[in-house]
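Asks: Got a structure here, written out as structure tokens. Questions coming.
2 protein chains.
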Amino acid sequence: MAFQAGGPHAQDRGLEAVVYAYEDMTRTPAVARWEKPQGKRDPLVMEKHFTVIPRGIGLVIGCSTFPTWNSYPGLFASLVTGNAVIVKPHPGGVLPLAITVEICRDVLSEEGFNPNIVTLAADSAEAPLAKELALAPEVKLIDFTGSTTFGNWLEDNARQALVYTEKAGVNCVIIDSTDNFRGMIGNLAFTLSLYSGQMCTTPQNIFIPEGGIETEDGHKSFDEVAAALATGVEKLNGDDARASAILGAIQSKATLERIGEYGKGDNVILASRSVPMDGFDGATIQTPLILKATDESSYTAELFGPISFVVPSKDTADSLKIVENSVKNHGAISFGIYSASDEVLDAAEDMACRVGVAISFNLTGGVYVNQTAAFSDFHATGCNPAANAALSDTAYVSNRYRVVQSRKHI
Amino acid sequence: MAFQAGGPHAQDRGLEAVVYAYEDMTRTPAVARWEKPQGKRDPLVMEKHFTVIPRGIGLVIGCSTFPTWNSYPGLFASLVTGNAVIVKPHPGGVLPLAITVEICRDVLSEEGFNPNIVTLAADSAEAPLAKELALAPEVKLIDFTGSTTFGNWLEDNARQALVYTEKAGVNCVIIDSTDNFRGMIGNLAFTLSLYSGQMCTTPQNIFIPEGGIETEDGHKSFDEVAAALATGVEKLNGDDARASAILGAIQSKATLERIGEYGKGDNVILASRSVPMDGFDGATIQTPLILKATDESSYTAELFGPISFVVPSKDTADSLKIVENSVKNHGAISFGIYSASDEVLDAAEDMACRVGVAISFNLTGGVYVNQTAAFSDFHATGCNPAANAALSDTAYVSNRYRVVQSRKHI
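Just so you know, the protein sequences line up as chains A and B, in that order. Residues in the first sequence are numbered from 1 upward in steps of one, following the UniProt record's numbering. Residues in the second sequence are numbered from 1 upward in steps of one, following the UniProt record's numbering.
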């Protein structure tokens with residue numbers, strides 16, 4: 001899985017950005033002949049040249065959990081539009097980007113370019129470089145994935161640059177009803193477990209009407225749904241070898257500590273357990289922690305990692321209202337809903353369009369709400385607090401370059 | 001001419017923005033079928049829907065000199081991408097936009113839309129509305145043409161919105177040499193006179209080597225070139241009826257006062273004269289004022305209106321260097337060069353690409369450096385201080401909307 005998301009999927013997203021940028025740049029012809037009729041006189045005729053010029057230097061600030069996947073779109077979008085790029089990896093995820101930069105430099109040299117078009121600026125938590133680099137007047141493009149605090153700082157302070165940010169979000173799932181209860185539980189169990197919930201698309205809050213839901217097997221109470229979800233996650237991760245492959249390690253100490261802290265409450269529906277992994281004694285692998293939400297304040301902040309809440313709502317209309325406000329105020333990259341009612345699905349899609357979040361309907365098979373496919377799914381919408389850009393669309397690439405025109409009579 | 005630039009040319013630019021936006025929005029299909037092979041099992045199949053959603057409310061802040069031409073691109077770009085638009089005209093140019101808004105509302109009603117999708121917010125110099133509107137949280141797009149001071153204020157303060165600005169600039173022409181002296185002088189004379197230099201594309205500073213230039217008729221000294229230009233402008237505007245048609249009225253009192261003030265110096269090469277117009281006794285029509293630059297500080301700020309400088313440079317290399325710094329520091333929308341040397345033209349184009357300004361070579365006929373044609377010429381580049389966007393390109397339209405996606409198995 002590290003291979004998948006770190007390698008081909010990251011390269012997919014990089015290539016996707018290249019395609020968008022290439023298509024956009026080539027919409028303007030390099031040369032055009034222009035004629036203006038002048039009545040009986042000869043027409044005015046001009047030859048016009050259009051040159052794509054770069055913005056300046058691009059700065060890519062990597063994150064720790066998916067160093068390549070979250071960096072490649074910005075890296076390649078800036079490169080293909082002619083900008084040099086400085087890659088500043090997260091101190092906790094240097095190697096994947098160091099390898100990337102090394103290969104970029106090799107390829108640039110092989111093709112006769114100056115290898116310094118791509119450089120690495122590794123720093124440490126003690127002596128961070130990001131702010132200094134971000135404020136350099138030569139830096140005209142910044143791509144960042146990470147905390148809302150630093151993302152907002154970049155947007156507010158690096159005013160000489162165009163800043164593309166992906167920040168924190170709180171993803172939600174609404175369960176209204178289902179005609180495939182088993183499929184729904186299986187899908188959600190995998191969703192919550194994959195990469196230990198360390199994806200920016202993993203749902204955190206799962207809304208279930210307090211009166212329960214209708215299924216193909218009849219009514220199920222809130223507690224029955226919550227218990228089924230807990231059992232599903234527990235069983236999926238019952239075998240240590242399989243669990244460690246699905247979960248992967250917990251990346252940061254802060255996440256580990258958060259699991260410990262939140263696991264102490266009296267609202268635990270499924271406790272997190274440590275998973276041993278043969279040959280990796282120091283690996284910090286934890287199964288997901290599932291909690292029952294107490295009040296709204298308990299679940300509205302992002303708790304990055306494998307911590308999720310089942311949240312009782314009055315009814316699905318209430319769930320929709322809460323999620324709408326949550327996306328508006330706290331951002332979200334993914335949103336899933338389960339319902340056997342087309343009316344409910346339509347209302348959910350309307351809401352998703354109002355607040356700008358991608359929506360997945362009734363995922364009960366091999367597609368998970370936290371997965372997006374390059375060339376088919378947009379990652380983030382760019383219009384809620386979780387991100388100010390989408391991967392990838394025209395808006396993500398079209399301002400990374402400009403066009404300078406010349407014209408002369410011929 | 002008011003008809004031309006105010007009517008069809010403005011509509012051209014509006015339509016151009018619509019075309020760019022429509023093409024960009026329709027690059028993403030409304031519905032797509034997605035299949036993922038699963039080895040021997042059935043493929044995963046999904047149906048995905050992509051919905052274009054607006055940003056919110058667009059605010060168009062009009063300018064006084066070309067109220068329609070400078071407003072239509074933003075107005076129509078925001079409208080076609082689904083945003084409602086508030087039009088706030090300049091207090092000195094309300095009527096053209098009031099008529100525009102009235103027609104927009106009629107058309108919206110005819111087509112079954114709410115006419116309030118387009119509204120007019122006229123204000124006065126005493127009780128301005130622009131800042132209040134610009135900071136409204138619902139306003140997500142702002143298009144502005146006007147002063148650098150207010151443009152920068154918008155960029156710095158209306159952080160909830162995407163802000164597209166066209167601000168002040170200092171356009172330059174370099175004369176290196178020519179094989180059509182008469183054509184060059186005729187072209188420049190018209191360029192300086194058209195609309196009394198009240199176009200954001202009119203050149204202000206004309207650089208001529210202090211040692212003079214080579215022409216098809218042999219060498220001409222700096223003074224001879226300057227005198228020919230003065231004579232050209234004087235003759236073009238010698239007939240009052242023709243002059244008033246080419247010049248049009250001076251729009252603002254500030255411009256009139258500036259002409260008076262700068263006309264008092266001892267560096268006047270061509271004095272400005274008032275032009276009477278039959279039937280319009282109060283019309284303030286002035287022929288262009290041409291000055292000889294004394295030191296750099298005399299010509300580096302924008303002196304909006306029919307005031308231009310002939311500037312002696314050491315040589316053309318010096319001219320290029322001065323213009324490069326001028327564009328970088330003070331912005332420019334147009335740049336013209338006259339040279340019989342391909343080497344000089346190439347160097348000028350390289351410089352134009354470095355600083356991001358459109359360049360016109362050897363205009364000696366019926367095309368003028370201050371004119372751009374929609375669907376063929378970009379207006380501004382968006383990468384020097386004169387404007388942060390170009391009319392029109394993908395970058396100008398592609399972030400005015402977002403795409404929200406839904407997906408389900410089929």
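For each residue, glycine too, the CB sits at the ideal point set by N, CA and C.
So who's on the other strand from A:W34, going by DSSP bridges?
Replies: In the DSSP output, where bridge partners are listed per residue, A:W34 has A:M46.
Asks: How would you write the range of the alpha helix (DSSP H) that B:H219 sits in, first residue to last?
Replies: From DSSP, B:H219 is part of no alpha helix (DSSP H) but of the beta strand (DSSP E) over G218 to K220.
Asks: Which residues in chain A have a C-beta closer than 7 angstroms to the C-beta of B:E349? List them in chain order.
Replies: Those within 7 angstroms of B:E349 in chain A are S406.
Asks: What residue range is occupied by the uninterrupted alpha helix (DSSP H) comprising B:L162?
Replies: Careful: B:L162 lies outside any alpha helix (DSSP H), inside the beta strand (DSSP E) at L162 to E166.
Asks: Which residue or residues does DSSP assign as beta-bridge partners of A:F207?
Replies: DSSP output for A:F207 lists A:I174 and A:V311 as bridge partner(s).
Asks: Considering Cα atoms alone, identify which of B:A125, B:N83, B:V139 and B:L291 is closest to B:N114.
Replies: Here the closest residue by C-alpha is B:N83.
Asks: Going along the chain, which residues of the stretch 361 to 373 of chain A sit with their C-beta nearer than 8 angstroms to a C-beta in chain B?
Replies: Cβ contacts with chain B come from F361, N362, L363, T364, G365, G366, V367 and A373.
Asks: Using a C-beta cutoff of 9 angstroms, does A:F378 count as contacting chain B?
Replies: For A:F378, the answer is yes, since a Cβ of chain B falls inside 9 angstroms of its Cβ.
Asks: Could you pull out every residue in the same chain whose Cβ sits closer than 6 angstroms to the Cβ of B:P37, ignoring the five residues on either side in sequence?
Replies: Here the set comprises P43.
Asks: By Cβ distance below 6 angstroms, which residues in the same chain neighbour A:A243 in space, the five residues on each side in sequence not counted?
Replies: Result list for A:A243: N237 and V275, in chain order.
Asks: Given 8 angstroms as the limit, is there contact between the stretch 128 to 148 of chain A and the stretch 84 to 94 of chain A, that is, 3 or more CB pairs closer than that?
Replies: Output reads yes: the stretch 84 to 94 of chain A touches the stretch 128 to 148 of chain A.
Asks: Is the beta carbon of A:I337 less than 9 angstroms from the beta carbon of A:S360?
Replies: The answer is yes: Cβ separation under 9 angstroms.
Asks: Any C-beta of chain B sitting closer than 9 angstroms to the C-beta of A:N399?
Replies: Judged by the 9 angstroms Cβ criterion, A:N399 is in contact with chain B.
Asks: Taking the straight line between their C-alpha atoms, what separation do you get for A:N329 and B:A374?
Replies: Rounded to the nearest angstrom, the two C-alpha atoms are 41 angstroms apart.
Asks: Is A:L303 helix, strand or coil when you go by DSSP?
Replies: A:L303 falls in the coil class under three-state DSSP.
Asks: Measure the alpha-carbon distance for B:V225 versus B:T255 and round it to whole angstroms.
Replies: Roughly 27 angstroms separates the two Cα atoms.
Asks: Quick one: list the residues of chain A neighbouring B:G382, beta-carbon separation under 7 angstroms, in chain order.
Replies: Residues of chain A passing the Cβ test: R402.
Asks: From B:G186 to A:I103, what does the alpha carbon distance come to, in whole angstroms?
Replies: B:G186 and A:I103: Cα-Cα distance of roughly 57 angstroms.
Asks: According to DSSP, simplified to helix, strand and coil, what is B:N384?
Replies: Note: B:N384 maps to strand in three-state DSSP.
Asks: Kindly indicate if chain A contains any beta-carbon less than 9 angstroms away from that of B:A352.
Replies: Yes, its Cβ sits closer than 9 angstroms to a Cβ of chain A.
Asks: Does any CB atom of chain A fall closer than 9 angstroms to the CB of B:I307?
Replies: Chain A contact via Cβ: absent.
Asks: Examine chain A for any beta-carbon lying closer than 9 angstroms to the beta-carbon of B:A134, and answer yes or no.
Replies: Chain A, which has no Cβ nearer than 9 angstroms to the Cβ of B:A134, makes this no.
Asks: Give a yes or no on whether the C-beta atoms belonging to B:N362 and B:S339 are separated by under 9 angstroms.
Replies: Yes, they are a contact pair.
Asks: Apart from the five residues just before and just after A:E216, which ones in its own chain have a Cβ nearer than 6 angstroms to its Cβ?
Replies: Correct list, in chain order: D179.
Asks: If we count the other Cβ atoms within 10 Å of its Cβ and call it buried at 16 or more, is A:T231 buried or exposed?
Replies: With fewer than 16 Cβ atoms within 10 Å of its Cβ, A:T231 is classed as exposed.
Asks: Whose C-alpha, out of B:N157, B:L97 and B:L141, is nearest the C-alpha of B:D123?
Replies: Per the Cα distances, B:L97.
Asks: Using the Cβ count rule (16 or more neighbours within 10 Å means buried), how would you classify B:A390?
Replies: Flag for B:A390 reads buried.
Asks: When you compare the CB positions of A:L162 and A:R13, do they come within less than 9 angstroms of one another, or not?
Replies: The answer is no: Cβ separation not under 9 angstroms.
Asks: Please work out which residues of its chain come closer than 6 angstroms, Cβ to Cβ, to A:M1, disregarding the five sequence neighbours upstream and downstream, and give them in chain order.
Replies: Its pLDDT being 44, under 50, A:M1 is placed unreliably in this model, and the value from its coordinates should be taken loosely. Closer than 6 angstroms at the Cβ level, and outside the excluded window around A:M1, lies no residue.
Asks: Beta carbon of B:G356, beta carbon of B:T381: below 9 angstroms?
Replies: In this structure, B:T381 lies closer than 9 angstroms to B:G356 by Cβ.
Asks: Check this for me: beta carbons of B:V118 and B:L59, under 9 angstroms apart or not?
Replies: No, the Cβ-Cβ distance between B:V118 and B:L59 is not below 9 angstroms.
Asks: Whole angstroms are fine: how far does the CA of A:L141 sit from the CA of A:Y164?
Replies: Those two C-alpha atoms are separated by around 8 angstroms.
Asks: Excluding the 5 residues flanking B:V31 on each side, which residues of the same chain have their C-beta closer than 6 angstroms to its C-beta?
Replies: Within the same chain, B:V31 has close Cβ partners H49.
Asks: With DSSP as the reference, label B:M1 as helix, strand or coil.
Replies: Caution applies to B:M1, whose pLDDT of 44 falls short of 50 and renders its modelled position unreliable; the value that the coordinates give is listed next. Three-state result, B:M1: coil.
Asks: Taking the C-alpha atoms as reference points, what is the distance between B:L291 and A:P128?
Replies: If I take the Cα positions, the gap works out to 54 angstroms.
Asks: Taking the Cβ atom as the reference point for each residue, do B:W208 and B:P312 lie within a distance shorter than 9 angstroms?
Replies: Before going on, a small fix: residue 208 of chain B reads as Ile here, not Trp. Cβ atoms of B:I208 and B:P312: closer than 9 angstroms.
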